[in-house]
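Quick note: the sequence shown, position 24, residue 223 per my numbering, numbers continuous. Ideal Cβ placement from N, Cα and C applies to all residues, glycine included.
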Amino acid sequence: SSDVCSSDLWLDVLEDVFGSPCLDTLCKRLLRECYEHQELKYVSMDGTLKVAMRVKGQGNYRLNKKLRNSFPVKDGEAVRRVLTVRGRTGAVLLTTLVPEEAAAHIRKAFRDTLSSAMMQQIECVASDTPSKLLYDTLKEICPNLQCLYLDAIHIAIVYHTAFWGKISPGQKILRKMQVKLLNVDD
């Protein structure tokens, strides 16, 4: 029947699954296990627009502010990015919707998901937009934070963009160096 294919039905089912106490308990257990294996010492974070662009009721970020405020979800309440934080081996530690990748929103996401002991384990953070403000904000909640640096994958992305999307000999060498330097040795 057409009810089985209804996107509203599936959205309700997904909401029930992702909001279930069973899944919440499992996620907390896995996060605790990541902590026990020192996964949080080196984390990388990135925000993505494309996934959150389909959130119903909010205007496209490219529209002017007046038009964005005409949608049911006003511009100031819209969540347009999915923030993902990965650990040293690539384990996903945190995934949440945020309005933007501002330091205050990142701090809130960390506080809402990670315990204070977990935040104490963090020593290095990689980001696509490192800044003094982000470092200072994270340092407030991650007392052992030693450095904030540009995520290595974004170096390759910028290099690729600089050559108008064409693969250059320099990009091939950069990729080989990154593979060598970014491999995780168990």
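Out of the options, point me to the one whose CA is closest to residue i's CA.
i           : options               : result
residue 326 : 215, 245, 212 and 220 : 245
residue 275 : 322, 304 and 331      : 304
residue 350 : 224, 377, 226 and 255 : 377
residue 233 : 328, 288 and 354      : 288
residue 380 : 332, 361 and 352      : 352
residue 354 : 328, 343 and 340      : 328
Which partner residues does residue i have in the DSSP bridge list?
i           : result
residue 391 : Here the chain has residues from 200 to 385 only, and residue 391 is not among them.
residue 281 : 247 and 296
residue 257 : 272
What's the call for residue i, buried or exposed, on a 16-neighbour Cβ count within 10 Å?
i           : result
residue 313 : buried
residue 280 : buried
residue 309 : buried
residue 228 : exposed
residue 214 : exposed
residue 257 : buried
residue 316 : exposed
residue 251 : buried
residue 284 : buried
residue 346 : exposed
State the DSSP-derived secondary structure class of residue i, mapped to helix, strand or coil.
i           : result
residue 291 : strand
residue 356 : helix
residue 365 : coil
residue 267 : helix
residue 262 : coil
residue 219 : coil
residue 301 : coil
residue 315 : helix
residue 232 : helix
residue 200 : Confidence is the limiting factor: at residue 200 the pLDDT is only 45, short of 50, which leaves the residue's position unreliable, though a coordinate-based value still follows. The answer is coil: DSSP assigns residue 200 none of H, G, I, E or B.
Contact criterion: CB-CB distance below 8 Å. Does residue i meet it with respect to chain C?
i           : result
residue 230 : In the structure shown, chain C does not exist; there is a single protein chain.
Are three or more beta carbon pairs between the stretch 237-254 and the stretch 313-331 nearer than 8 Å? yes
Is there contact here, the stretch 261-273 with the stretch 293-310, by at least three beta-carbon pairs under 8 Å? no
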